[in-house]
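Below is one structure, written out as structure tokens, with a few remarks after it.
Residue numbers (the working numbering): 38 to 173.
Okay, structure coming up:
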């Protein structure tokens, strides 16, 4: 029941036991989530970062070792250590030759078709349109 207290009313009764219990429950839920869900995820992310840093460092070290090996090789064999140059072979103009053999894919020599539900005269007319006589 509400008691009037000046300009407005306040609820009567109970202390804050329900609210305190809710705060404690939320605290334990958050602690559980942090301990069993967020902490392993953060640990996993940190381990992944470690792996990526190690792999990147190994790649850079391999690249540096390769460059040192190339420089040492060039110094020992009397080649200058100047940057590499791309050499292009001179272009040879090849003569165009006429083809004597037929093309790889030739036109079909005959056409095989099926006409269903057509009379013989209609089939002959269609065949005359598709494959006209070649003697003319």
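Idealized CB from N, CA, C, for every residue including glycine.
Is the separation between the beta-carbon of residue 165 and that of residue 152 shorter than 8 angstroms? A distance of 8 angstroms or more separates the beta carbons of residue 165 and residue 152.
Three-state class that DSSP yields for residue 111 in the structure shown: Collapsing the DSSP output to three states places residue 111 in a helix.
Residues in the same chain with beta-carbon distance under 6 angstroms from residue 135, minus the five sequence neighbours each way, listed in chain order, please. Once the five neighbours on either side are set aside, residue 135 has no close Cβ partner at all.
Roughly how many whole angstroms lie between the Cα atoms of residue 155 and residue 168? Going by C-alpha positions, residue 155 is about 18 angstroms away from residue 168.
Rounded to the nearest angstrom, what separates residue 75 and residue 82 at their Cα positions? If you take the alpha carbons of residue 75 and residue 82, they lie about 11 angstroms apart.
Give the straight-line distance between the Cα atoms of residue 65 and residue 57, rounded to the nearest whole angstrom. Their backbone Cα atoms lie some 12 angstroms apart in a straight line.
Which class does residue 55 belong to by DSSP, given the choice of helix, strand or coil? Correct three-state label for residue 55: helix.
Opening and closing residue of the alpha helix (DSSP H) in which residue 159 lies: Segment 157–167, the alpha helix (DSSP H) holding residue 159.
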